[in-house]
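Take a look at the structure below.
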Amino acid sequence: MEATKLEPLFNLQELEAKLNGNGRARANGLTGWDILSVDQFDRDKLAYIFGRAEEMREMVERVHGVDLLKGRVLACLFYEPSTRTSASFIAAMERLGGSVIPITQGVQFSSVSKGETLADTIRTLEQYADVIVLRHPEIGSARMAAEAAGVPVINAGDGPGEHPTQALLDLFTIKEEMGRIDGLKVAMVGDLRFGRTVHSLTKLLLHFDVSLRFVSPEILRMPLKIMNEVRDKGLDARETHDVADVIENADVLYVTRVQKERFSDLDQYNEVKDQYIITPDLMRQAKEKMVVMHPLPRVGEISPEVDADPRAAYFRQVQNGMYIRMALLAAVLGKA
Amino acid sequence: MEATKLEPLFNLQELEAKLNGNGRARANGLTGWDILSVDQFDRDKLAYIFGRAEEMREMVERVHGVDLLKGRVLACLFYEPSTRTSASFIAAMERLGGSVIPITQGVQFSSVSKGETLADTIRTLEQYADVIVLRHPEIGSARMAAEAAGVPVINAGDGPGEHPTQALLDLFTIKEEMGRIDGLKVAMVGDLRFGRTVHSLTKLLLHFDVSLRFVSPEILRMPLKIMNEVRDKGLDARETHDVADVIENADVLYVTRVQKERFSDLDQYNEVKDQYIITPDLMRQAKEKMVVMHPLPRVGEISPEVDADPRAAYFRQVQNGMYIRMALLAAVLGKA
Amino acid sequence: MEATKLEPLFNLQELEAKLNGNGRARANGLTGWDILSVDQFDRDKLAYIFGRAEEMREMVERVHGVDLLKGRVLACLFYEPSTRTSASFIAAMERLGGSVIPITQGVQFSSVSKGETLADTIRTLEQYADVIVLRHPEIGSARMAAEAAGVPVINAGDGPGEHPTQALLDLFTIKEEMGRIDGLKVAMVGDLRFGRTVHSLTKLLLHFDVSLRFVSPEILRMPLKIMNEVRDKGLDARETHDVADVIENADVLYVTRVQKERFSDLDQYNEVKDQYIITPDLMRQAKEKMVVMHPLPRVGEISPEVDADPRAAYFRQVQNGMYIRMALLAAVLGKA
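Chains as they are written, first to last, in this note's numbering: chain A, 1 to 336; chain B, 1001 to 1336; chain C, 2001 to 2336.
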């Protein structure tokens, strides 16, 4: 092939100078990190991410979006559908000026149906993208993807495993709503046995001086392993079966769904289910300054009449998810 | 958690100044509006939107796209598939410099399958997005979404209800093609009973001094309610069964499909169907300056030989849809 | 309708000046082209595209993305799923500053289910988009789309027909990895009968002075038609049944899958299949400077232990796909 003398398309020196002007690039402890587990976060890292998330909120409120991640590409790879989480990551990337390859059908993947391994799919996508967000039904899939990839991988839920960005947004919401975390009484309500979000949030709360109240039906109690971690930390923690026991003193009421399917004995389910529905009546017994949270979607466990209560924070919690993900994307790409 | 002193990521004052330079923000009568129904549009509003849509066309032709909605995010939420409409809104947002969260699978929604209400889904998406476009099979869904949302909602079709942006692009096409609306003879052809588009277009035409001709099989006549509105306005309006009756005088021939499924008696269908196919033969009887329109997709009701006829406007009509949606997006976001 | 005097939204003269500053627009031999077949590319065109693709690589490595196609819209229309190819085109467009309408579900299309022809779907999308990428299961569909469209159409695979961008990225990878094409020994391995990629790559290699080795089971030999084209060119070409015959001298080993389904006699399949698996053992017999390629996905035909071998180029090959597609998009849109 003949050597071709093409007039250059780009003035790369000029573009590099401009790129650096888009946002102050600087090393931070998270550059290049995979975000796989809440175990990666200590108080310092949390403070850092929450500080950046607060900046993201102010930025969005004042100017909607920036060019911080302009030219960067996020591959958003969802092997099971999750409108809320994928939409949150997509909006986060876009508000930072980046672009998205949305692979969020949750239905069928051509490569999968052709027998490709997850590792090969990840190694393919990293050729196109600067960061990969992965939702996959199998525990350990995110770690496996991170080992295969040279670019940062963010775990958006690996089945019964972890969903660290959810736990971060939950804790961030507590801080934003209550102004602090230390000293609070946090009550978790509902399915504490299978609920991935309450497990991860509890782990993050171990870094703080909080009182914990766990409210669940007997068969859905918080796993022993986590209870022992709580006790090893010397935190004040109690378990109970009834929301009424905790409502008066709780600063945070974190509600999850009690699923009918968890009960082999339907009588048992019918007996307890009403104790786990948050109603205006119940809210009248709560403190004036406290906060009701929920990872959503909800299906009856918080009655819609509660939505107008200023203490109902679950939709603000959704918004916080976008800010946390913006902070994480900027951080792992070396731009925070 | 320790107070962290982070060097700020953004210079927000500078960014705010730049944002305002991206396009002249100014209040307009539509800022913050939900676009739910053609009933919201009078002659003034129509003139305003059409003027902006014309600017959008010139802009796209000359520079392809702008930064007017840079940083803004559109959630495009389609509960049933509509490639044409969703692609139109996505292109509209992108050509204005905005970003899109595409939730357009039309197949299954994780939140829906988990039992989430439409109101909760909308309240979730408004945490991420500045405007929501909704397509949903149930009548009234768009209004319900608009009531739930604090951000503008644009109805992209609520089942048998409304599809106002289609009616706006139809009317805009008439104006662009014929140079005016007052004084025209507009003939609507096909299924006038169930056709959502002809109902909405007729309602918009009530603001103008037009003659209307309604051409349909007996069982697919324009509903009495709409005929009465037309008569109350004092417009010249006639119904007929045969396109041949109107082809010579029509300035606008708006064609819709006569679906076999509407007929219980197939003989009846076979008897009439050929009267509703637009052919080159038929076009020879039409005026030299007139226009054939169709909301698409078509399945045989306009023969492909007509496509080369300069009076065939149905693909230009599609393009006008993008300009109308650009004008609406800019308007409801306070940028037009 | 009253004439409305709107203060103009845009300063189009200023925007036009800025647009031209985004990249040096200049005519090139490919402006406005449809990319349908490898037959469209001679040595000059290949040299041009490869030169641009190299620039794209350097640009991405240094500044991630540019504004070259800012404001332009790509409609990415995939009638069958292909995560790898659609993601590659999406990333390519986004890194050039353009936007994408992703219609990549590969499951159901509303317009199709409503009976719309491919030509009408294409004529609709060209109203919104500046370029269309089409994947469709039927041979000839891309050509048909190109005839319907006024904007450039890029064939991303038309069933048993062509997939020209794959062949271009394959050849580009050979050049990038080996520094040249003339003088190389290229061995193709596996299913040479039905493998679209090996057919197209062979056609491109006819422009160069290469030796060709075709390694396949008897029933999966390279079609006679292509073998005759190779011989007409006077190239040194041989067929064999065993990779072992070619491994020592090959500069390029292009591997494809031998599918069980191709064999009516399973004994025959079991007898030959192991001869077509690339293992570390086999690689020990290969030259120190050579390259193993694969169009992916792979399902066992290259053992994962080979991945760490620096001669394993299949993931770099994936990345080259993005650069080739960036070069093509820029070229057909008159910006390269």
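All C-beta atoms in this analysis are idealised placements derived from N, C-alpha and C, irrespective of residue type, glycine included.
Given the structure is predicted, the values throughout are model-derived calculations rather than measurements.
- Going by C-alpha positions, A/G300 is about 7 Å away from A/I277.
- Fewer than three Cβ pairs drawn from the region 2174-2181 of chain C and the region 2328-2336 of chain C lie within less than 8 Å of each other, which leaves the two stretches out of contact.
- Setting aside the 5 residues that flank it on each side, C/H2136 is surrounded in the same chain by Y2079, D2158, each with a C-beta closer than 6 Å to its C-beta; the list follows chain order.
- Interface flag for C/F2010 against chain B is set, since a Cβ pair is found closer than 8 Å.
- Neighbourhood of C/E2116 in chain B, by CB distance below 8 Å: L1296, P1297, R1298, V1299, in chain order.
- With the rule of 3 Cβ pairs closer than 8 Å, the region 2286-2299 of chain C counts as touching the region 2160-2175 of chain C.
- Each of A/Y269, A/A237, A/F41, A/R316 was checked against the Cα of A/E218, and the nearest Cα belongs to A/Y269.
- Residues of chain C whose Cβ lies closer than 8 Å to the Cβ of A/R72 are, in chain order, H2064, G2065.
- Secondary structure of A/D44 (DSSP, three-state): helix.
- Closer than 8 Å to the CB of C/E2147 there is not a single CB belonging to chain B.
- When only Cα atoms are considered, C/S2082 and A/C76 end up about 15 Å apart.
- Contact between the region 1280-1292 of chain B and the region 1046-1053 of chain B is not established, with fewer than three Cβ pairs separated by less than 8 Å.
- At a beta-carbon threshold of 7 Å, the residues of chain B lying near C/S2099 are E1094, ordered along the chain.
- Apart from sequence neighbours up to five positions away, the residues of its chain that approach A/E126 with a beta-carbon distance below 7 Å are I132, A149, G150, V151, ordered along the chain.
- Rounded to the nearest angstrom, the gap between the Cα atoms of B/D1034 and B/Q1319 is 23 Å.
- In this structure, the CA atom of A/E61 is about 19 Å from the CA atom of B/E1007.
- C/E2138 does not reach chain A, its nearest Cβ partner there being about 17 Å away, counting only Cβ pairs nearer than 9 Å.
- Taken in chain order, the complete alpha helix (DSSP H) segments of 4 or more residues contained in the region 2269-2329 of chain C are 2280-2284.
- Unbroken beta strand (DSSP E) stretches of 3 residues or longer found wholly inside the region 2033-2110 of chain C: 2073-2078, 2099-2103, given in chain order.
- With a threshold of 8 Å between beta carbons, C/P2102 makes contact with chain A.
- In the three-state DSSP reduction, A/K185 falls in the strand class (E or B).
- About 5 Å separates the Cβ atoms of C/A2156 and C/T2085, confirming a contact at the 8 Å cut-off.
- Bridge partners of A/N155 according to DSSP: A/L134.
- Approximately 4 Å separates the beta-carbon atoms of C/M2326 and C/M2056; this is inside 8 Å, confirming the contact.
- Straight-line spacing of the CA atoms in B/F1208 and B/M1322 works out to 24 Å.
- The criterion of a C-beta distance shorter than 8 Å is satisfied by A/V66 and B/L1015.
- A distance below 7 Å between beta-carbons, with the five flanking residues on each side excluded, links C/V2243 to the following residues of its chain, in chain order: V2189, V2215, Q2275, Y2276, L2282.
- Between A/S303 and A/T279 the beta-carbon gap is near 5 Å, inside 8 Å, which marks them as a contact.
- Where A/D232 is concerned, the enclosing alpha helix (DSSP H) starts and stops at 224-232.
- For B/T1240, the uninterrupted beta strand (DSSP E) segment begins and ends at 1236-1240.
- Look at C/V2210 here: in three-state DSSP terms it is coil, with no helix or strand label.
- Shortest Cα-Cα distance from A/L205 to any of A/R196, A/V100, A/L266, A/R43 involves A/R43.
- By the rule that beta-carbons nearer than 8 Å mark a contact, B/F1172 does not touch chain C.
- One Cα belongs to B/K1185, the other to B/L1069, and the distance between them is close to 38 Å.
- Taking 8 Å as the CB threshold, C/E2055 lines the interface with chain A.
- The beta carbon of B/G1097 lies closer than 7 Å to those of G1065, V1066, D1067, L1068, L1069, K1070 in the same chain, with the five residues before and after it left out.
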